[in-house]
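Colleague:
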């Protein structure tokens with residue numbers, strides 16, 4: 001699985017585990033993601049996939065490196081998709 005595929009899978013898992021917000025974003029804590037068995041089986045390097053997604057502006061969270069235990073309560077926000085341009 002390449003990085004783009006992993007980011008897409010991560011988006012699906014955040015939607016599955018997170019809570020939708022009024023702005024159509026989803027929020028989940030790092031601890032919930034990290035401790036989920038399904039995520040553990042999908043992502044060999046969850047932290048690396050999170051960093052790749054953050055770099056692509058797909059999601060946001062405070063800090064650069066998230067560590068199990070220390071950062072379990074850090075909120076990860078899957079950003080809403082950009083609005084579609086209106087066709088004239």
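Numbering (full-length UniProt numbering), first residue to last: 1 to 88.
The C-beta atom is built at its ideal place from N, Cα and C for all residues, glycine as well.
Leaving out five residues before and five after residue 11 in sequence, what residues of the same chain have Cβ atoms less than 7 Å from its Cβ?
Modeller: Hits under 7 Å: 58, 78.
Colleague: Compute the Euclidean distance between the alpha carbons of residue 51 and residue 65, then round it to the nearest angstrom.
Modeller: Approximately 8 Å between the Cα atoms of the pair.
Colleague: Could you compute how far the alpha carbon of residue 21 sits from the alpha carbon of residue 27?
Modeller: Answer to the nearest angstrom: the Cα atoms are 7 Å apart.
Colleague: Under the DSSP definition of a beta bridge, which residues are partnered with residue 78?
Modeller: Residue 78 is bridged to 26, 59.
Colleague: Below 7 Å CB to CB, which residues in the same chain sit around residue 74 once its five sequence neighbours on both sides are set aside?
Modeller: These residues qualify, in order along the chain: 29, 30, 61, 62, 63, 66.
Colleague: Which same chain residues, not among the five before or five after residue 13, have their C-beta less than 6 Å away from its C-beta?
Modeller: Closer than 6 Å at the Cβ level, and outside the excluded window around residue 13, lie 39.
Colleague: If you compare alpha carbons, which of 68, 37, 8 is closest to residue 47?
Modeller: Out of 68, 37, 8, 68 has the C-alpha closest to the C-alpha of residue 47.
Colleague: Could you tell me the distance, in whole angstroms, from the CA atom of residue 36 to the CA atom of residue 72?
Modeller: Spanning the two alpha carbons is a distance of roughly 12 Å.
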